[in-house]
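Encoded as structure tokens, the structure appears first; notes follow it.
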Amino acid sequence: EHTESLNFLEQIIEEDLAAGLSKDKLRFRFPPEPNGYLHIGHAASICLNFGLGEKYDAPVNLRFDDTNPAKEEQEYVDAIKNDVAWLGFKWAKECYSSDYFQELYDWAVQLIKEGKAYVDGQSSEAMAEQKGTPTTPGVDSPYRNTSVEDNLALFERMKNGEFEPGTYVLRAKIDMASPNMLMRDPILYRIVNKAHHRTGTDWCIYPMYDWAHGESDYIEEVSHSLCTLEFKPHRELYDWFLDQIYTGKTIRPKQREFARRNLSYTVMSKRKLLDLVNSKVVSGWDDPRMPTISGLRRRGYTPAAIRKFSDLAGIAKRDNVTDVSLLEFCIREDLNKTATRVMGVLDPVKLVLTNYPEGKSEILHLENNPEEPNSGTHEVPFSRELYIEREDFKEEGGSKFFRLSLGNEVRLKSAYIIKADSVVKDSEGNILEIHCTVDLDSKSGSGTEASMRKVKGTLHWVSIAHAITAEIREYDRLFLDEAPDAHEDRNFLEFLNPDSLKVIKNAYLEPYLAGAKVGDKFQFQRLGYFTLDKDSDPSNLVFNKTVGLRDTWAK
Ligand code: ATP
Ligand code: MG
Ligand code: MG
17 EHTESLNFLE
27 QIIEEDLAAG
37 LSKDKLRFRF
47 PPEPNGYLHI
57 GHAASICLNF
67 GLGEKYDAPV
77 NLRFDDTNPA
87 KEEQEYVDAI
97 KNDVAWLGFK
107 WAKECYSSDY
117 FQELYDWAVQ
127 LIKEGKAYVD
137 GQSSEAMAEQ
147 KGTPTTPGVD
157 SPYRNTSVED
167 NLALFERMKN
177 GEFEPGTYVL
187 RAKIDMASPN
197 MLMRDPILYR
207 IVNKAHHRTG
217 TDWCIYPMYD
227 WAHGESDYIE
237 EVSHSLCTLE
247 FKPHRELYDW
257 FLDQIYTGKT
267 IRPKQREFAR
277 RNLSYTVMSK
287 RKLLDLVNSK
297 VVSGWDDPRM
307 PTISGLRRRG
317 YTPAAIRKFS
327 DLAGIAKRDN
337 VTDVSLLEFC
347 IREDLNKTAT
357 RVMGVLDPVK
367 LVLTNYPEGK
377 SEILHLENNP
387 EEPNSGTHEV
397 PFSRELYIER
407 EDFKEEGGSK
417 FFRLSLGNEV
427 RLKSAYIIKA
437 DSVVKDSEGN
447 ILEIHCTVDL
457 DSKSGSGTEA
467 SMRKVKGTLH
477 WVSIAHAITA
487 EIREYDRLFL
497 DEAPDAHEDR
507 NFLEFLNPDS
517 LKVIKNAYLE
527 PYLAGAKVGD
537 KFQFQRLGYF
547 TLDKDSDPSN
557 LVFNKTVGLR
567 DTWAK
């Protein structure tokens with residue numbers, strides 16, 4: 017009955033619905049920890065959860081998993097909200113694990129009263145040693161059989177700030193012989209003497225991820241709690257905790273796991289991205305070389321391209337690495353449909369049309385987007401002196417060179433056919449000017465016989481007298497290695513690409529671009545896609561190269 021194919025998580029949901037789960041009980045969440053900016057891996061989780069919300073017409077909460085005040089900040093909360101909204105998704109509720117601190121605390125007290133949790137005052141080393149190994153049972157903590165009264169008193173004193181960090185923790189009393197190490201009396205609370213970005217100094221004990229996450233899902237009545245594969249062994253603990261607190265809500269959340277999105281030639285963990293920011297290898301979280309949503313946005317990526325990428329890369333059961341060229345394919349395809357075509361010359365050489373009247377100029381019309389029939393045209397001034405790209409001219413072209421060479425013709429885009437006659441050089445032999453004759457009957461679109469002539473090459477150009485200058489930033493991969501953080505013996509920073517940023521200070525652009533606004537996207541004809549950067553001001557426009565017209569990495 018389903019025409020489209022379902023991914024394995026959708027299959028699980030369909031089975032649950034078939035087994036009697038009411039569709040209006042479906043609820044999802046995206047649960048970022050506000051300890052950094054979101055990256056393209058998070059986009060996979062966002063597109064998955066919000067995509068399920070759209071598919072099943074179910075609410076999706078944005079839940080900040082803010083249980084570690086040592087690493088979390090309001091700046092990150094704001095950036096995360098901005099990024100999710102920019103991707104085009106609307107959350108049902110904005111939630112915070114910290115909103116549930118009291119409820120979580122009360123449940124912990126209940127666990128103590130039921131003899132299912134105890135305060136442990138040993139060092140973390142001692143506790144780690146007692147845990148044993150997956151094949152040998154652990155050893156009970158000497159605190160494991162403290163009386164309920166003593167545990168309640170100790171836990172209260174922990175909460176009241178009477179102890180130093182690291183002196184006491186609250187542990188669940190589960191099974192020190194479990195083959196699942198996570199079940200060997202895991203920690204529920206630790207002491208952290210740090211102000212929290214939302215609860216200030218109200219608390220000095222903070223719940224661990226495992227204790228907070230499923231319980232937050234339960235409070236919010238999340239039906240399917242989707243997380244990445246490394247949490248698979250946590251599922252047993254997730255369920256054990258839910259068993260203890262379950263008070264009859266109609267939804268019992270279900271944790272299911274999918275593979276993380278990895279991308280070639282970059283790193284994705286927030287800790288490593290923070291390293292790049294702190295060490296000033298990049299200019300910030302939104303440096304256009306970063307795999308962050310904010311970096312990709314600044315680079316010129318669109319929400320549509322990122323969503324398309326998530327779609328094409330799909331949801332997997334096993335870890336894998338997605339090639340970055342798929343991401344580039346998605347943005348190229350999107351911008352091809354939407355970006356206005358303009359002309360700019362990055363490495364100029366002067367061209368003089370010797371038979372074009374001095375002092376004359378005329379207005380030509382450049383098609384805004386041939387992919388979009390109703391996109392119209394814009395005006396481009398043309399005159400006797402132009403810039404073209406230095407690499408578009410060779411004195412001796414040879415039979416495979418379809419650009420300009422002495423004695424040969426090319427068309428200037430949306431203008432005229434020209435023929436190169438001679439060059440002017442400096443004393444070192446560098447070409448200063450190319451002198452050409454223009455066929456004045458060959459104007460593009462004029463319908464004349466001369467305008468229909470076929471010539472092999474078409475070049476982009478700008479009129480020198482009318483051009484504006486701009487700074488261009490071209491980016492290459494940030495890392496030279498396909499998987500920079502997969503080397504056990506070497507730090508990922510050793511694989512940085514020293515040439516990942518190339519700045520061109522004086523590019524010449526057609527004057528139409530003077531009206532560009534930050535974030536506007538253009539195809540510079542024959543060069544690639546570019547977007548106006550936030551570093552721009554009216555006297556210094558800065559364009560970021562988003563991606564070239566073709567995959568230059570393809571072999
Ligand atoms: P990081 O190591 O980058 O900090 P994290 O998993 O600790 O990642 P969270 O903020 O906790 O980051 O993640 C929020 C949600 O996004 C979680 O459900 C997490 O599983 C998911 N997520 C994070 N990274 C990826 C990824 N690379 N691919 C898919 N989902 C991811
Ligand atoms: Mg996490
Ligand atoms: Mg993390």
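All residue numbers for the sequence shown refer to our numbering, where the first residue is 17 and numbers rise by one. Just so it is clear, CB atoms sit at the ideal spot from N, CA and C, and this is done for glycine as well.
Taking residue i and residue j to be in contact with their CB atoms under 8 Å, please state how far apart those CB atoms are, rounded to whole angstroms.
i	j	result
residue 402	residue 477	5 Å
residue 88	residue 82	5 Å
residue 548	residue 523	About 13 Å; that fails the 8 Å criterion.
residue 204	residue 124	6 Å
residue 406	residue 363	5 Å
residue 195	residue 150	6 Å
residue 420	residue 52	About 50 Å separates the two Cβ atoms, so there is no contact after all.
residue 447	residue 441	6 Å
residue 181	residue 207	5 Å
residue 277	residue 57	4 Å
residue 558	residue 483	Not confirmed; about 16 Å, so no contact.
Quick check: does the Cβ of residue i come within less than 6 Å of any heavy atom belonging to ligand 1?
i	result
residue 49	yes
residue 346	no
residue 57	yes
residue 243	yes
residue 4	No answer is possible for residue 4: the residues shown for the chain start at 17 and end at 571.
residue 286	yes
residue 277	yes
residue 61	yes
Looking only at DSSP bridge pairs, what is residue i linked to?
i	result
residue 206	185, 222
residue 553	556
residue 361	524
residue 509	Answer is none; residue 509 lacks a bridge partner.
residue 539	357, 545
residue 149	152
residue 112	80
residue 99	Note: residue 99 sits in no beta bridge, so no partner.
residue 244	274
residue 467	In the DSSP output, where bridge partners are listed per residue, residue 467 has none listed.
residue 325	According to DSSP, residue 325 bridges with nothing at all.
residue 485	524
residue 433	427, 455
residue 233	DSSP output for residue 233 lists no bridge partner at all.
residue 136	185
residue 398	378
residue 421	410
residue 216	212
residue 474	427
residue 479	402
residue 336	277
residue 447	441
residue 44	76
Does the beta carbon of residue i fall short of 6 Å from some heavy atom of ligand 5?
i	result
residue 69	Of the ligands this structure carries, namely ligand 1, ligand 2 and ligand 3, none is ligand 5.
Checklist entry - Between the region 31-49 and the region 238-255, do at least 3 Cβ pairs fall closer than 8 Å? => result yes
Item to check | Stretch pair the region 388-405 + the region 366-374: three plus CB contacts closer than 8 Å | outcome: yes
Checklist entry - Below 8 Å, can you find three or more Cβ-Cβ pairs linking the region 535-542 to the region 506-516? => result no
Next on the checklist: Using a Cβ distance threshold of 8 Å, determine whether the region 185-200 contacts the region 146-159, with at least three qualifying pairs required.
Outcome noted: yes
Item to check | the region 282-289 touching the region 490-506, judged by at least three CB pairs closer than 8 Å | outcome: yes
Checklist entry - Is the region 457-471 close to the region 421-439, with three or more CB pairs under 8 Å? => result yes
Next on the checklist: Does the contact criterion of 3 or more C-beta pairs under 8 Å hold for the region 114-131 versus the region 213-233?
Outcome noted: yes
Checklist entry - Counting Cβ pairs closer than 8 Å, one from the region 324-334 and one from the region 106-116, do we hit at least three? => result no
Next on the checklist: Three Cβ pairs or more, each shorter than 8 Å: is that satisfied between the region 345-358 and the region 376-391?
Outcome noted: yes
Next on the checklist: For the structure I just gave you, are there three or more beta carbon pairs, one from the region 242-253 and one from the region 211-219, closer than 8 Å?
Outcome noted: no
Next on the checklist: Whether or not the region 21-29 and the region 63-70 are in contact is what I'm after, with contact meaning three or more pairs of Cβ atoms, one per stretch, closer than 8 Å; do they touch?
Outcome noted: yes
Checklist entry - Is the region 130-149 touching the region 261-276 in the sense that three or more CB pairs, one from each, lie closer than 8 Å? => result no
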